[in-house]
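Right, one structure below, let's go through it.
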């Protein structure tokens, strides 16, 4: 199985959750326009003042999307909870 990478955008402050939710909308639009094989995206509240938006990409797409979308960070993705 190919390695999957979670590209993450961090948002901080009192409006972090709303901003992360809005960022995910833009990420989904980009995925549709570019017809990318990405099915995992989302946003998550880490705490009251920190939220993230993310997409999960395969290793092959990671460098291209990293350079175009400029995520704040990335990590290996595992769907095991």
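In the numbering used here, the protein residues as written are 136 to 216. Built from N, CA and C at the ideal position, the CB exists for glycine as well. If you're wondering where the values come from, they're calculated on a predicted model, not measured in any experiment.
Report all residues from its chain with a CB closer than 7 Å to the CB of residue i; omit the five preceding and five following residues, and keep chain order.
i: residue 147; result: 184, 185
i: residue 200; result: 142, 192
Using beta-carbon positions only, say whether residue i and residue j come within less than 8 Å of one another.
i: residue 214; j: residue 137; result: no
i: residue 188; j: residue 204; result: no
i: residue 190; j: residue 175; result: yes
i: residue 212; j: residue 140; result: yes
i: residue 180; j: residue 152; result: yes
Name the DSSP beta bridge partners of residue i, please?
i: residue 138; result: According to DSSP, residue 138 bridges with nothing at all.
i: residue 210; result: 141
i: residue 147; result: 185
Please check the pair residue i and residue j, which I expect to be a contact at CB under 8 Å, by giving their CB distance rounded to whole angstroms.
i: residue 145; j: residue 207; result: 5 Å
i: residue 178; j: residue 156; result: 5 Å
Exercise for review: Scan the region 166-195 and note each continuous alpha helix (DSSP H) run of 4 residues or more that stays entirely inside, going in chain order.
Suggested key: Whole alpha helix (DSSP H) segments, 4+ residues: zero.
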